[in-house]
Structure formats: structure tokens, C-alpha cells
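Okay, structure first, notes after.
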Amino acid sequence: MQNGAPGASLARLVEIMDKLLAPDGCPWDREQTLDSLRPFLVEETYEVLDALARDNPADHCEELGDLLMQVVFQAALRRQQGQFDIDAVVASISEKLIRRHPHVFAKAEGVDTPEKVLAQWDQIKQAEKAEKGAAKKRTLDGVPQGPALARAQKLGSRCGKIGFDWPGWEGSFAKVEEEVREVKEAITTQTPAEVHAEIGDLLLAVVNLSRKVGVDAENALIDATQRFQRRFEVVEDLLAERGKTPQQSNLEEMDSLWDDAKKLLRGK
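Next up, the structure:
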């Protein structure tokens, strides 16, 4: 960790970005636009999530830096357009945090649980949007596009707040079972388009079950894919010890080694 003023390193990053975008700066950086930077923002976000999934603090620090660079980069381009700069970005989120935490900064009473904090946050958010003339007219207005599992969980949460939800996880579980049956029927009797739709319904039902039992579906799948990768890498290592590659093996052998990999990695 570095000592010094909290904003010193950020100010240095802004200066570096300004130099890169100057007339005598970097040709690649100078030709970038807000549109061309979109995929990099998505990529860096997922690399942060990957570092988190691997619980690697050094990589996490580095990837957060790469993500911060994207924020500074976009703010610099907006400043060139005469719209806002990084100071406006920081000031905006700072003021938002103060406004939406009156129980901390204004000593408002009666908000003493996480649930009450979230309810207050939503109330203040809607009031702010109403002042801007942008209050949502429908329950699902304003749910941003993003990773499908995360968006599905957000949609379900919105509906749950107005009572369009199963009272407990049992109803959601039964819905998953129903959708599994419908997927099987579609695979055997229906068109590819109908199979596509039924699998989508099944995924949505699984996300809703995740929400009802307090599991973040996006993070659960990230963790599951990480486990799958680690286990398969162990299978490859065990095959290599036998002088084989996966292509030289068969399903029966790899399935047996998969069980061995699960035992070796149990708890990891």
C-alpha cells in the first residue's frame, strides 16, 4: 500500500491519460472513441470478476486498475467534448452516496437493518428520478441490459417487490421441475425454435429459484465454471501421467478421472 494523499495516485493517472491523448501522445489512444472503448470496458469488468473468483489479491489489484483506467479514459474523452471530467464523475458518486445514506450523513432515524437501507435507497432513487422527470412508469422500466443471469435475477426481484412472486422457494423449485419436463418434451417433439424458448424458460426458472434461496445466480455460475475448469485441468494432468491426451482417452476413463479430480479438489 502507498502512503500520501488519497487522490494523489488518481491525479497522476489523469495526467498520464492526458499525455496519452495529447497531440504528441499515443496514436492508438488518440484514435479511440467512446464506442470503440465499449468492449474493453466489458473485458476489464470480467477480468476483475475472474480475479475475484480466483481469490488472487495481486491480480485483483491490477485488474481494478485496468478497470479504473477505462473510467478515466472515458471521462477524458468526455472532457475533450466539453461535457464532463473525472472530477465531475467522482463528485457525482460522492453526492449520491451522501443523499442515499441519510441514516449516516443526516442522522435520520429508523433505518437500522440492511433491508430498511435498501428500501430507503430505492425510495430516494425514485424520488430523484421523479425530479428529473424520469421516474419509471412500469415495474420493469430501468432494469439495465447486462449479463443475462444477472438481469433475469433483477427482473425477478423487481416483480417480487410488488407481490408477483412465489411465497417460498418450494414454488420456484416446482417451476424448475415443470420447465425440465417441458424442455424434454420440446427436444423430442418440437422445433429447434421451441427448444430454444423452453431452455430459456428453464434458465429463467433456475435464476428465480436462486433468488428465492439467497444465491446470486451470476456468481454461482461463475464459481461453477471455475470449478469445472480446475477439475478438467486435473483430469488432463492425470491423463498426462498415463502418457495420454484427452483425445487419446475415452468418456469412461475421463469420467472416472473426473471423480478423482473432485476428490483431490474437495474444499478448494
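Under my numbering, the first residue of the sequence shown is numbered 674, with each subsequent residue one higher.
Don't be surprised by glycine CBs; every beta carbon is placed ideally from N, CA and C.
Residues near residue i in its chain [Cβ-Cβ closer than 7 Å; skip 5 each side]
| i | result |
| --- | --- |
| L813 | L828, R831 |
| D739 | E717, E720 |
| I797 | R772, R773 |
| N923 | none |
| L822 | V880, A890, E891, L894 |
| L737 | V721 |
| C699 | L693 |
Residue i versus residue j - alpha carbon distance
| i | j | result |
| --- | --- | --- |
| T862 | E850 | 19 Å |
| A781 | Q753 | 40 Å |
| L693 | I766 | 26 Å |
| G841 | S682 | 48 Å |
| L875 | K834 | 22 Å |
| L686 | G755 | 20 Å |
| D697 | Q743 | 21 Å |
| E735 | N729 | 10 Å |
| A779 | E804 | 21 Å |
| P865 | K848 | 22 Å |
| G836 | A764 | 37 Å |
| E926 | L938 | 18 Å |
| G783 | K802 | 24 Å |
| E857 | R824 | The sequence given here has Lys at residue 857, not Glu. Rounded to the nearest angstrom, the two C-alpha atoms are 26 Å apart. |
| G916 | A897 | 29 Å |
| I759 | E768 | 14 Å |
| E843 | A731 | 42 Å |
| Q799 | D785 | 21 Å |
| D928 | E871 | 29 Å |
Residue from the options whose Cα sits closest to the Cα of residue i
| i | options | result |
| --- | --- | --- |
| Q826 | I860, A866, A878 | A878 |
| R854 | T864, V868, L791 | V868 |
| L770 | L791, T706, Q743 | L791 |
| G873 | E852, G887, K885, T864 | E852 |
| A684 | F846, A866, L741 | L741 |
| P712 | V856, G819, E858, F846 | G819 |
| K789 | P817, P775, S929 | P775 |
| S845 | R811, R824, G887 | G887 |
| D702 | A731, V745, P787 | V745 |
Integer Cβ distance of residue i from residue j, believed to fall under 8 Å
| i | j | result |
| --- | --- | --- |
| A726 | Q902 | Actually they are not in contact, since the Cβ atoms of A726 and Q902 sit about 10 Å apart, beyond 8 Å. |
| L912 | P919 | 6 Å |
| D691 | A749 | 7 Å |
| K885 | W839 | 7 Å |
Proximal residues to residue i (C-beta, below 8 Å), its chain only, five neighbours per side dropped
| i | result |
| --- | --- |
| S883 | Q826, D889, A890, A893 |
| L722 | I895 |
| Q747 | L707, L710, L714 |
| H733 | V721, A724, L725 |
Cβ neighbours of residue i in the same chain (closer than 6 Å, five flanking residues each side left out)
| i | result |
| --- | --- |
| R751 | F757 |
| A934 | R904, V907, V908 |
| I860 | V868 |
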